[in-house]
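*Asks:* Just so we're aligned, residue 5 is where the sequence shown starts under my numbering, counting upward by one. Glycine included, every Cβ here is placed at the ideal spot set by N, Cα and C. Note that the structure is predicted; figures quoted are calculated from it, not measured. Input: one structure, supplied below.
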Amino acid sequence: MIGILVLVAVITLVAINHVLSRMRLKPVRTNYDYDAIVVGGSIAGPVVAKALSAQNRKVLLLERALFTKPDRIVGELLQPGGINALKQVNMEGCATSVGMPCDGYLVADGKGHQVKLPYRAGFQGYSFHFGEFVNNLRENVWSNCAANVTMLEATVNEVLLENTGLLERAYGVAYSIAADYKVPEAPFKEDASVYCQSTTTAAEQRIATAPLIIMCDGGSSKFKAKYQHYTPARQYHSNLMGLLCGMLSCQ
C-alpha cells in the first residue's frame, strides 16, 4: 500500500512539473547571439566548446585569464576514462604531449606489504603540469574551432534571468572586457607573461545571449552558491601527497 502511495505521489509531482514547465507569461525568446555560452576556460570549458563546435553550434567562451598559462601545481592525473573522453573530440594530444603515462598504482604500507593496482590492458592515464594541459586545450579550440567558437578574455559578472512562467530561465550573461581589448600576436605561447591585451584599466560592459549557459568556472565560482541545489562544505579536504626524488652527484 505504501509503495502504491509513493508511486502515485511521484507520478503527480512529475505531472505538475511537466505542466508548470510549459506555463509561460510571455512569448518564448527565439533570437539569441549564440547557441551556447561557456563560462570558464580551464579544463571542462574548452572541451565542451569543441564538442558543441563539432555539432556546428555557435559558442561564446569567456575566461578571465584566457591568454595566461596557469602557473600552479595541483598534481593532475587524468584517468583512462578522461583520456578516452578527450579522444572523442580529438583532444587527447593535449594531455599525452605534455604528460607522463601512468599504468596503475602500487600501494605499500610501512611493513613492506605491496598491492599492485594496474589499469586494464590497453588503458593508460597521464600525469602532467596543470598549466601545460589547460594551455593546450585552449590552443586546440582556438586553432581548430574559430568558425564556430568565439573565445574572449573577459569576466562574467551576472547570469541574466527572465520569468517565462512560474520559473526563472537563464538567457545570457553580462560581462566586462577591456575597453581596448585586443588579441595577443602569439596567443598561448610559452612566455605568456609578456602578453598585454590592455593598456588601460577601463572596462566595457557587454551582454551576450544564448538558450544554454554552461558554467565551467571551477570550485571557486562566485555563482556556485546561488545556482547549485545542495549546500557546499565549508572547508575542502583535498590533499596531495608527493615524493620528490633526486640524485646528488659528488666529486
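Hey, how far is the Cα of A58 from the Cα of V153?
*Replies:* The straight-line gap from Cα to Cα measures roughly 10 Å.
*Asks:* Would I87 pass as a contact of G129 if the rule is Cβ separation under 9 Å?
*Replies:* Cβ atoms of I87 and G129: closer than 9 Å.
*Asks:* Return the chain-ordered ranges of every alpha helix (DSSP H) run that is complete within the region 117 to 198 and spans a minimum of 4 residues.
*Replies:* You should have 134 to 148.
*Asks:* For R61, collect the residues of the same chain with a Cβ closer than 7 Å to its Cβ; drop the 5 residues on either side in sequence, then sort them by chain order.
*Replies:* Excluding sequence neighbours, R61 sits near D39, A40, N152.
*Asks:* Mapping the DSSP letters down to three states, classify M251 as helix, strand or coil.
*Replies:* Here the model assigns M251 a pLDDT of 49, short of 50, so the residue's position is not dependable, and the following value carries that caveat. Residue state, collapsed to three classes: coil.
*Asks:* Tell me which residue opens and which closes the beta strand (DSSP E) that S211 is part of.
*Replies:* It should be noted that the sequence gives Ile, not Ser, for residue 211. Here the beta strand (DSSP E) through I211 covers 207 to 213.
*Asks:* Sort M219, E80, N161, G223 by Cα distance to Q209 and report the nearest one.
*Replies:* Nearest C-alpha to Q209: N161.
*Asks:* With distances taken from CA atoms, which of L70, Q232, L165 is nearest P188?
*Replies:* Nearest option by C-alpha distance: L70.
*Asks:* Candidates N94, S131, A183, V163: which alpha carbon is nearest L156's?
*Replies:* Looking at the Cα atoms, A183 is the closest of the given residues.
*Asks:* Tell me the start and end of each unbroken alpha helix (DSSP H) in the region 43 to 129 that is at least 4 residues and wholly inside, in chain order.
*Replies:* With a minimum length of 4 residues, the continuous alpha helix (DSSP H) runs that stay inside the region 43 to 129 are 48 to 58, 84 to 91, 97 to 100.
*Asks:* Between the C-alpha atoms of I15 and L171, what's the straight-line distance to the nearest angstrom?
*Replies:* Rounded to the nearest angstrom, the two C-alpha atoms are 20 Å apart.
*Asks:* Hey, how far is the Cα of I6 from the Cα of L81?
*Replies:* Using only the alpha carbons, I get a separation of about 47 Å.
*Asks:* Should V12 be labelled buried (16 or more other beta-carbon atoms within 10 Å of its own) or exposed?
*Replies:* Exposed, by the Cβ-count rule.
*Asks:* Taking the alpha helix (DSSP H) that Y36 falls in, what are its first and last residues?
*Replies:* Y36 -> no alpha helix (DSSP H), and no H or E assigned at all.
*Asks:* For M219, report the span of its beta strand (DSSP E) as first-last.
*Replies:* M219 -> beta strand (DSSP E) spans 217 to 219.
*Asks:* Compare the C-alpha of A212 against each of A53, V163, D113, I8 and name the closest.
*Replies:* Nearest option by C-alpha distance: V163.
*Asks:* In chain order, what residues of the same chain lie with their CB nearer than 6 Å to the CB of V111, ignoring the 5 residues before and after it?
*Replies:* Closer than 6 Å at the Cβ level, and outside the excluded window around V111, lie V119.
*Asks:* When the Cα atoms are used, what is the spatial distance from E143 to L9?
*Replies:* The alpha-carbon atoms of E143 and L9 are separated by roughly 55 Å.
*Asks:* If you draw a straight line from the C-alpha of D113 to the C-alpha of A178, how long is it?
*Replies:* Between D113 and A178, the C-alpha separation is close to 53 Å.
*Asks:* Roughly how many angstroms lie between the CA atoms of S180 and R68, to the nearest whole one?
*Replies:* S180 and R68: Cα-Cα distance of roughly 9 Å.
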